[in-house]
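If you read the sequence shown in the working numbering, its first letter stands for residue 18, the second for the next number, and so on.
For reference, the structure discussed in these notes is given below.
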Amino acid sequence: MATASRAAFHAQQQVRCFASASSSSSSSPNFPNPLNAPPSGVVSQSSASVQSGLAVGGLGLNSLVRPGGRQSVSGIVATVFGGSGFLGRYIVNNLGRIGSQVVTPYRGDGMNVRHLKLAGDLGQIVPIPFDMADLDSIRRCVAKSNVVINCIGSKVETSNYSYNDVHDKIPYRLAQVCKAMGVEHFIHVSAAGAHPKSPSAFFASKAAGEESVREFYPDATILRPTVVFGPMDRFLSYYAYVGGKLYGIPMTRKGQRKLQPVFVGDIARAVLNAIADPEARGRTYELGGPDVYTEAEIVELVKKHTFHPYLQPFYMNDTMARLYGKVIGGRRTLSHDRTGGLVAAGLNTAAMFANKLSLPTIYNPDMVDQAHVDLLTHANMPSLADLGVEVAMPLESQIDRVLFAHRYEQPDRFPEAQRMRADAQGNESH
Ligand SMILES: NC(=O)c1ccc[n+]([C@@H]2O[C@H](COP(=O)([O-])OP(=O)(O)OC[C@H]3O[C@@H](n4cnc5c(N)ncnc54)[C@H](OP(=O)(O)O)[C@@H]3O)[C@@H](O)[C@H]2O)c1
C-alpha cells in the first residue's frame, strides 16, 4: 500500500475505534465497576486499591465494562510505545483481554506489529506508524489516550541511537508531548540498577530517563524490572543461544553476579494494576521475582533444560572482557577512534571488518560495567506485591516452556546429551 493511502487507512481505523468507545460510554454511564468483577481473571490477584477500580481511580473514566473479556469496554485507551518488543506485547495482550483500546506505534514495517491486533477485539488494537523525530506523529499516537506506557529500550547502542538517546531523550520527548496533549497517566518502564552515577552507560541513561519523565509527570508510575524471563525473552534464551552457538558464554565476576528474575506475565499484570491503582501515581516500583540466583547457577539451569552438553560460562577478568566486548560488539568504539595518523587509519580499517562481524547483542563493553550491578530489589522500595501481584511466578516453573525451542537438536550424535536427557526423563517419572 502506498504511504499516503496507508496513512489514510490508519486514520480511518483510529476514528472508528475511538468513535465506538465514546458512543458506548455515553449511552450507559451507570454500569458496574469493571475491576470489581474482572472479566478474564487478568487482574485476579487484586489488591484493595485495584478493587476500587478505574472509575474511582485517577483516570476518572466512569468505566464501562461488561464481563466479556475482550468484548468488554474497560474504559482504558492506552498507547504502548515499544509494543513490538518482548515486554510490550504482553502488556498489549493484557490490555486487549479486558476490552481496552490500544494504540501500538511502530517504526519500520507494520508487519512487526500486525500480530498484536489479535490481542484485542476487532479494530481495538490500532497500529500507527510513527517517527521519534516527528512530533506530529507522536501527537497522533497519543491524542485519544488516557494512559501512555513507554516500553522503549535497547540493550545495545547503534550508530543511530546511543543508550542516552533511547533511554533519556526518547522518554523526555514522549513525556513532553503527552503532557501537552493532556494524557492523564504516564507509565515508564525503566530498569533495576538505574543510577545516575553508574559506571554503566546503560544504567546511567535509565536513571536520566526517569528524571526526564518526572520533569513533566511528577505523578508518573515508574517500573524497574530486574531481569525478565518468559517465552522469547532476552535472558534465558540469551544464555541458550550464545552457549549453543559459541560454546562459551562470556561472563565476569566468576559468575557470582546476583539476579532476581521476574516473569514477564507478572510485569504485564503489574502494569495493568498500576493503571487502576491511584496509589501507584508518583511511585517507583522495583519488580523482582521470588528467587535469587547467581549467573553461574542460571547457566547450569539452562544447560540442564536444553540438554546442551557443551553449554558453559567463559570466565574472564574485566580487562579481557572489555577487549572481547570491543572485538565482538564494539562497533561504535572502534569506528569512532580518533588517535590520529596511521594508528587511526589501521583501527578504522579494522572497524570496517569488525562491523561485518559485530555482534553487540552477544557481548559489548558496557556489559562489563553492567555485570557489576546485582539485579535485586530493595526491601525499602515498593514491589510487585504493592501492585497486587502477591505471588510472583518462580523461574523454575516456566524454564522448560521458555527453553523448549533451544533444546539440543542432535542428541543422538553426542552420548553426553543422550545421558542428560535420559537423566531428566528418569527424574520426571519418579
Ligand atoms: N527484558 C528485560 O529483561 C528487561 C529488564 C529490565 C528493564 N527492561 C526494560 O523494559 C523495556 C522493554 O524491554 P524489552 O525486553 O521489551 O525490550 P525489546 O524487546 O528490545 O523491545 C524494545 C522496544 O523498543 C523499541 N525501540 C528500541 N529502540 C527504539 C528507537 N530508537 N526508536 C523507537 N523505538 C525503539 C523497539 O522497537 P522495534 O521493534 O522497532 O525495534 C521495541 O518495540 C525496556 O526499556 C527495557 O530496558 C527490560
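We treat Cβ as the ideally placed atom computed from N, Cα and C, and that holds for glycine.
{"query": "I want to know whether the segment 410 to 417 touches the segment 289 to 300 - three or more CB-CB distances under 8 Å.", "result": "no"}
{"query": "Run through DSSP, which three-state label would S42 get?", "result": "With a pLDDT of only 36 at S42, under 50, the local geometry of the prediction cannot be trusted, and the value read off the model is given with reservation. In the structure shown, S42 sits in a helix (DSSP, three-state: H, G or I)."}
{"query": "Ignoring anything shorter than 4 residues, give me the alpha helix (DSSP H) runs that lie fully in the segment 242 to 273, in order along the chain.", "result": "253 to 263"}
{"query": "Answer with buried or exposed for A65, where buried requires no fewer than 16 other C-beta atoms within 10 angstroms of its C-beta.", "result": "The pLDDT assigned to A65 is 32, lower than 50, so where the model puts this residue is not dependable; a value taken from the coordinates is nonetheless given after this. Under this definition A65 is an exposed residue."}
{"query": "Please list the segments of the alpha helix (DSSP H) lying wholly inside the segment 185 to 244, counting only runs of 4 or more residues, in order along the chain.", "result": "187 to 198, 218 to 233"}
{"query": "Consider the C-beta atom of P377 and the heavy atoms of ligand 1; say whether any pair is separated by less than 7 Å.", "result": "no"}
{"query": "Whole angstroms is fine: what's the gap from T243's alpha carbon to A208's?", "result": "6 Å"}
{"query": "By DSSP, does L81 sit in helix, in strand, or in coil?", "result": "Only weak support exists for where L81 lies, its pLDDT of 43 falling under 50; the coordinates are left without a value."}
{"query": "Can you tell me which of D185, R157, D138 puts its alpha carbon nearest to the alpha carbon of C195?", "result": "R157"}
{"query": "Restricting to runs no shorter than 4 residues, where is the alpha helix (DSSP H) found entirely within the segment 295 to 357?", "result": "312 to 323, 335 to 346, 348 to 352"}
{"query": "D440 by DSSP, collapsed to three states: which one?", "result": "helix"}
{"query": "Closer than 7 Å to a non-hydrogen atom of ligand 2 - does that hold for the CB of L412?", "result": "Ligand 2 is not part of the structure shown, which contains ligand 1 as its ligands."}
{"query": "When burial is assigned at 16 or more other CB atoms within 10 Å of the CB, is F370 buried or exposed?", "result": "exposed"}
{"query": "Extract the residue ranges of the alpha helix (DSSP H) inside the segment 91 to 174, only unbroken runs of 4 or more that lie entirely within it.", "result": "103 to 114, 128 to 131, 152 to 159"}
{"query": "On a CA-only basis, which of L253, G102, V183 is nearest L420? Give me that one, please.", "result": "L253"}
{"query": "DSSP has V281 in a bridge; who is on the other side?", "result": "Bridge partners of V281: none, in fact."}
{"query": "Span of the alpha helix (DSSP H) holding L412?", "result": "L412 -> no alpha helix (DSSP H), and no H or E assigned at all."}
{"query": "Using DSSP with H/G/I as helix, E/B as strand and the rest coil, what is L276?", "result": "strand"}
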